[in-house]
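Below is one structure, written out as structure tokens; the observations come after it.
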Amino acid sequence: MSSFQDRPNTALLVIDLQNLVVDGAFRRDEVVGTVKDLVDRAHEENVPVVWVQHEAEHLLPNTHEWEFVPELQQEDGDRLVPKTYGDAFEGTILNEVLEDLGVGHIVVTGAETDACIRSTIHGGFTRGYDVTLVADAHTAGDKTEWGAPPVEQVIDHTNLYWQFQGGVGKTAAVETADQVSFVTG
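Under my numbering, the first residue of the sequence shown is numbered 20, with each subsequent residue one higher.
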């Protein structure tokens with residue numbers, strides 16, 4: 020029950036699972052496989068899939084680095100949202116896409132946990148969405164050389180704190196892929 024009374028639907032967000040972003044990422048193949056299974060389920064259940072694709076100096080459009088990993092395939096009817104900030108809502112059409120689809124609940128997957136995933140789950144929540152983070156469907160690259168904790172700890176910490184997020188008229192949840200239900204309510 021999001022803050023949106025007229026948006027009963029759920030959408031799956033696939034954030035930045037692009038070649039360069041996940042090259043060498045923690046449990047890359049496992050996470051991509053889990054996201055693929057969720058995308059397949061969403062398509063089978065006629066749940067909207069929204070692909071979020073980062074653009075930057077090192078991720079130029081129409082390059083191999085910028086493309087989504089080859090294991091994941093978009094289908095006709097899926098939506099694509101380009102972005103240039105960590106939060107997939109910031110400066111993009113994501114909110115309009117979700118509004119058009121009647122979506123009040125987003126199920127979030129992708130990369131990177133410590134950047135675009137965290138920014139987007141917070142961005143969606145503060146905008147009134149119910150936000151489910153899929154515990155086993157997000158990853159990041161190793162940033163320990165810059166003082167960050169190991170990726171496994173970053174993922175565990177994000178999963179831990181997100182399950183205790185709260186707000187008026189909206190919910191935050193952490194579920195494994197096999198626990199995810201695309202049925203709202």
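Beta carbons: idealized from backbone N, C-alpha and C, even for Gly.
Secondary structure of Thr158, DSSP reduced to three states: The answer is strand: DSSP assigns Thr158 an E or B state.
Using a Cβ distance threshold of 8 Å, determine whether the region 75-84 contacts the region 112-128, with at least three qualifying pairs required. Taking 8 Å as the limit for Cβ pairs, the verdict is that the region 112-128 does not touch the region 75-84.
Does the region 98-111 come close enough to the region 124-139 to have 3 or more Cβ pairs within less than 8 Å? Counting Cβ pairs under 8 Å, three or more are found: they touch.
Any idea what DSSP makes of Leu79, helix, strand or coil? The answer is coil: DSSP assigns Leu79 none of H, G, I, E or B.
Inspect the CB distances between the region 28-45 and the region 156-167 and report whether three or more fall short of 8 Å. Taking a contact to require three or more Cβ pairs closer than 8 Å, the region 28-45 and the region 156-167 qualify as touching.
For the pair the region 179-195 and the region 59-70, tell me if three or more CB-CB distances fall below 8 Å. Result no; under three Cβ-Cβ pairs closer than 8 Å.
Is the distance from the Cβ of Val122 to the Cβ of Val100 below 7 Å? Not a contact, by the Cβ cut-off of 7 Å.
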